[in-house]
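Yeah, the sequence shown ends on 254 if you go by the UniProt record's numbering, and it's all consecutive. Please read the structure below before turning to the comments.
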Amino acid sequence: MFRLNNRIALVTGGGSGIGRAVALTFASSGATVHVLDVNRESAAKTADEISRNGGNAVSHACDVTDQQEVMAVFRGIGKLDILVNSAGVSHIGKADTTSEEDFDRLYQVNVKGVYNCLFAAIPLMKENGGGAILNLGSIAAVVGLPDRFAYSMSKGAVQAMTMSVAKDYLRDNIRCNSVSPARVHTPFVDGFLAKNYPGQEQEMFQKLSQTQPIGRMAKPDEIAKLILYLCSDEASFITGNDYPIDGGFTKLNN
Ligand SMILES: NC(=O)c1ccc[n+]([C@@H]2O[C@H](COP(=O)([O-])OP(=O)(O)OC[C@H]3O[C@@H](n4cnc5c(N)ncnc54)[C@H](O)[C@@H]3O)[C@@H](O)[C@H]2O)c1
1 MFRLNNRIAL VTGGGSGIGR AVALTFASSG ATVHVLDVNR ESAAKTADEI
51 SRNGGNAVSH ACDVTDQQEV MAVFRGIGKL DILVNSAGVS HIGKADTTSE
101 EDFDRLYQVN VKGVYNCLFA AIPLMKENGG GAILNLGSIA AVVGLPDRFA
151 YSMSKGAVQA MTMSVAKDYL RDNIRCNSVS PARVHTPFVD GFLAKNYPGQ
201 EQEMFQKLSQ TQPIGRMAKP DEIAKLILYL CSDEASFITG NDYPIDGGFT
251 KLNN
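Next comes the structure, spelled out in structure tokens:
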């Protein structure tokens, strides 16, 4: 079940957190994985780890906000079966405390970065007779989270792009879905706590853990397993959907 033998996958943000877990999971399921990240060292580290475990991986240093850079990487790969858009950045702020610069940065990485990879990947998948695309959304797209104005904007756009692409490429045999995690314990969360709650990291970590009714944050592996399923042939009837994976956050927080 859920094998990706002979599949070529590209994972953005593959150097860390959920992207790294997806890259490792895909490789151990038989795929050749292209690990793309703006951080050259972390992309190489994930690819090395895959190779050491006997899998196939290539790393690419690439900024998803730059369409030329993205196009060069995808052209170099040539054939593509699976795209996972995991590269993303976070931000804390309300509408009147989010600077124009921060708003633009969130848009550039979380929205335009996804568009750039879709733009580059879809022609390759069409040529290839189909493919599977998985975008990392967030519960921030569907519930009102405090202090996440720009981030919520960006994840709302990811969900809308997911539906649009799923509809437009039905006849090209390209499936497109998103997953929307609540909090996942990754460097994304640790960096956010260190930056925004210096000295209170432990206390805030506990607090954030408890906001999931299940009482903890997700592990990156738990998200990767759902993504593996959605990108495998076993999910061949699934397209145009968003999958919350949230420890009960959206439905049980009452
Ligand atoms: N961690 C969570 O709690 C959580 C919850 C919901 C959704 N998400 C989403 O999951 C995705 C992955 O999050 P994570 O927790 O694994 O984060 P992370 O910070 O651990 O990893 C993100 C990776 O993206 C890379 N990246 C950032 N900007 C880039 C750019 N311009 N070009 C290429 N790569 C870039 C970073 O270098 C990093 O390796 C994000 O889209 C995030 O919004 C995370």
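All residues carry an ideal CB built from backbone N, CA and C; glycine is no exception.
Using only the alpha-carbon positions, how far apart do residue i and residue j sit?
i: His-185; j: Leu-193; result: 11 Å
i: Val-58; j: Thr-25; result: 15 Å
i: Leu-228; j: Phe-2; result: 7 Å
i: Asp-102; j: Lys-79; result: 35 Å
i: Gly-129; j: Asn-254; result: 45 Å
i: Gly-14; j: Thr-65; result: 15 Å
i: Asn-85; j: Asp-172; result: 20 Å
i: Ile-122; j: Thr-97; result: 37 Å
i: Tyr-151; j: Leu-106; result: 7 Å
i: residue 256; j: Ser-164; result: Residue 256 is absent from the structure shown; the chain starts at 1 and stops at 254.
i: Ala-224; j: Glu-100; result: 33 Å
i: Gln-212; j: Pro-198; result: 22 Å
i: Phe-74; j: Lys-126; result: 14 Å
i: Thr-239; j: Ser-51; result: 31 Å
i: Gly-215; j: Gly-191; result: 21 Å
i: Ser-178; j: Ala-157; result: 11 Å
i: Glu-203; j: Leu-145; result: 19 Å
i: residue 255; j: Leu-226; result: Nothing in the structure corresponds to residue 255, since the chain is present only between 1 and 254.
Classify residue i as helix, strand or coil using the three-state DSSP reduction.
i: Asp-66; result: coil
i: Ala-95; result: coil
i: Pro-198; result: coil
i: Asn-228; result: Note that residue 228 is Leu in the sequence shown here, rather than Asn. DSSP places Leu-228 in helix when its eight states are reduced to three.
i: Tyr-151; result: helix
i: Tyr-243; result: strand
i: residue 259; result: Not covered by the structure: residue 259. The range shown for the chain is 1 to 254.
i: Ser-59; result: strand
i: Ala-218; result: strand
i: Phe-177; result: In the sequence on display, residue 177 carries Asn and not Phe. Asn-177 falls in the strand class under three-state DSSP.
i: Ile-139; result: helix
i: Val-114; result: helix
i: Val-11; result: strand
Output yes or no for whether 8 Å exceeds the beta carbon distance between residue i and residue j.
i: Val-35; j: Ala-21; result: no
i: Asn-153; j: Ala-120; result: Looking at the sequence itself, residue 153 is Met, so the reference to Asn does not match. Cβ atoms of Met-153 and Ala-120: not closer than 8 Å.
i: Thr-12; j: Ala-87; result: yes
i: Val-33; j: Asn-56; result: yes
i: Leu-170; j: Leu-230; result: no
i: Ser-90; j: Phe-188; result: yes
i: Lys-94; j: Asp-147; result: yes
i: Ile-8; j: Asp-81; result: yes
What does a CB cutoff of less than 7 Å around residue i pick up in its chain, not counting 5 residues either side in sequence?
i: Asn-5; result: Gly-30
i: Pro-244; result: Ile-139, Ser-180, Thr-250
i: Asn-196; result: Ile-92
i: Phe-205; result: Leu-193
Would the C-beta of residue i count as close to ligand 3, meaning under 7 Å from any of its heavy atoms?
i: Cys-62; result: As far as ligands go, the structure on display features ligand 1 and does not contain ligand 3.
By Cβ distance, which residues of its chain are closer than 8 Å to residue i, with the 5 residues on each side in sequence left out?
i: Arg-40; result: Ser-59, Ala-61
Can you list, in chain order, the residues of its chain whose CB lies under 6 Å from that of residue i, leaving out five sequence neighbours each side?
i: Lys-155; result: Gly-137, Ser-138, Ala-140, Ala-141
i: Gly-19; result: Val-11, Gly-13, Ser-86
i: Leu-208; result: Arg-183
i: Gln-67; result: Asn-116
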